[in-house]
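Taking it in order: structure first as structure tokens, then the write-up.
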């Protein structure tokens with residue numbers, strides 16, 4: 005799916021890119037976005053992501069992160 009050096013995209017990649025965009029939960033706290041919520045969004049995004057639409061590895065990574073963020077927003081609504 006992604007370029008060798010970028011695979012796999014991790015929850016930490018997501019939290020790093022969207023560091024101020026979501027209210028992340030602390031360990032054991034379920035009041036915000038959990039790692040499991042992000043992994044669910046990754047699974048949903050994986051079903052619809054077409055890496056051939058992007059040129060570079062960085063573009064693929066960002067495209068996937070934004071698609072996962074979209075699914076995360078839909079899930080929490």
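In our numbering, the protein residues as written are 5 to 81. For each residue, glycine too, the CB sits at the ideal point set by N, CA and C. Note that the coordinates shown come from a computational prediction; the quantities given were computed from them, not determined experimentally.
Judged by DSSP in its simplified three-state form, residue 13 adopts coil rather than helix or strand.
By a beta-carbon distance limit of 8 angstroms, residue 26 contacts residue 37. Their separation comes to about 5 angstroms. If you compare the alpha carbons of 35, 71 and 61 with that of residue 22, the shortest gap goes to 71. About 5 angstroms separates the beta carbon of residue 39 from that of residue 15, a gap short enough to meet the 8 angstroms contact definition. Residue 52: member of the alpha helix (DSSP H) spanning 39 to 52, first to last residue.
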